[in-house]
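Beneath this line is the structure, given in structure tokens, with notes to follow.
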């Protein structure tokens, strides 16, 4: 079993819907990242968090350290949000390398 | 400011050949990481440079892979000889410090036939 599990693997939504992507991990971490990868494109870091909640525009990321769980929320989803969203954790005490989930492929229909 | 760049964007080679991938990190970023995604799997860590030194190379799959970062600027990842299972997307990332945000390059898509 992978140390970082994401759900769902695939998600199709209608424009305007509220979207939640979940990430669970099984190791002690110093930080958790949410990344976005557009088709044919590179990877963009959306959030890095170690506690609580962060918000950027229509995106909100939360983390519960005790439960080893994080969620990424997208409010008022738009077709341009269609991408693969990847959860990655930095193991506690490590020098920086990340452990990745398999990603959630989001498709937002107009 | 330029982001992380990688060259080439695509490479198609035959089994047994050699391929060298290049990564140029963001200027001033001492930390440089190589990652790889093979088809259907999650992205996996290969190694981490701090300046020109290999800080962690625990993810390197075998001795067919050689990474260098002479001078602490750009890095190369050479695969020699390439095998079919080396096909995938190779990402490079850089950061100011290990605990800081990593900025990813666009990746090099390698196909070994």
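Chains as they are written, first to last, in this note's numbering: chain X, 1 to 110; chain C, 1001 to 1113.
Cβ atoms here follow ideal geometry from the backbone N, Cα and C, with glycine treated the same way.
State buried or exposed for residue i, treating a residue as buried only when at least 16 other CB atoms are found within 10 Å of its CB.
| i | result |
| --- | --- |
| residue 1084 of chain C | exposed |
| residue 1042 of chain C | buried |
| residue 50 of chain X | exposed |
| residue 1009 of chain C | exposed |
| residue 27 of chain X | exposed |
| residue 33 of chain X | buried |
| residue 18 of chain X | exposed |
| residue 88 of chain X | buried |
| residue 92 of chain X | exposed |
| residue 4 of chain X | buried |
In three-state terms, what does DSSP make of residue i?
| i | result |
| --- | --- |
| residue 5 of chain X | strand |
| residue 80 of chain X | helix |
| residue 1068 of chain C | strand |
| residue 1113 of chain C | coil |
| residue 1170 of chain C | Here chain C comprises residues numbered 1001 to 1113, so residue 1170 of chain C is not present and cannot be evaluated. |
| residue 1096 of chain C | coil |
On the premise that residue j lies in contact with residue i, defined as a C-beta separation below 8 Å, what is that separation, rounded to the nearest angstrom?
| i | j | result |
| --- | --- | --- |
| residue 1080 of chain C | residue 1064 of chain C | 6 Å |
| residue 21 of chain X | residue 85 of chain X | 5 Å |
| residue 104 of chain X | residue 6 of chain X | 5 Å |
| residue 1018 of chain C | residue 1082 of chain C | 7 Å |
| residue 1044 of chain C | residue 1028 of chain C | Not really, about 27 Å apart at Cβ, beyond 8 Å. |
| residue 107 of chain X | residue 82 of chain X | 5 Å |
| residue 2 of chain X | residue 1033 of chain C | About 19 Å; that fails the 8 Å criterion. |
| residue 1031 of chain C | residue 1075 of chain C | Not quite, the Cβ-Cβ distance comes to about 11 Å (not below 8 Å), so this is no contact. |
For the region 1041-1052 of chain C, which residues have a CB atom closer than 9 Å to at least one CB atom of chain X, in sequence order?
-> Within the region 1041-1052 of chain C, the residues whose Cβ lies closer than 9 Å to some Cβ of chain X are 1041, 1042, 1043, 1044, 1045, 1046, 1047, 1048, 1050, listed in chain order.
Is there contact between the region 1025-1044 of chain C and the region 1083-1100 of chain C, where contact requires at least three CB pairs shorter than 8 Å?
-> Yes, since at least three Cβ pairs between the region 1025-1044 of chain C and the region 1083-1100 of chain C fall closer than 8 Å, the two stretches touch.
Any contact of the region 64-80 of chain X with the region 1009-1027 of chain C, i.e. 3+ C-beta pairs under 8 Å?
-> No, the region 64-80 of chain X does not touch the region 1009-1027 of chain C.
Select from the region 1052-1065 of chain C all residues with a C-beta closer than 9 Å to any C-beta belonging to chain X, and list them in chain order.
-> Taking 9 Å as the Cβ-Cβ cut-off against chain X, the residues of the region 1052-1065 of chain C that qualify are 1055, 1056, 1058, 1059.
The region 30-64 of chain X: which residues have C-beta closer than 8 Å to a C-beta of chain C, in chain order?
-> Those residues of the region 30-64 of chain X that come within reach of chain C (Cβ to Cβ, closer than 8 Å) are 30, 31, 33, 35, 41, 42, 43, 44, 45, 48.
Using a beta-carbon distance cut-off of less than 7 Å, what residues from the region 1025-1038 of chain C approach chain X?
-> Contact residues of the region 1025-1038 of chain C toward chain X are 1031, 1033 (C-beta to C-beta distance below 7 Å).
Going along the region 95-107 of chain X in order, which residues come within less than 8 Å of chain C, judged by CB to CB distance?
-> So the list reads 95, 96, 97, 98, 99, 100, 101, 102, 103, given in the order they occur along the chain.
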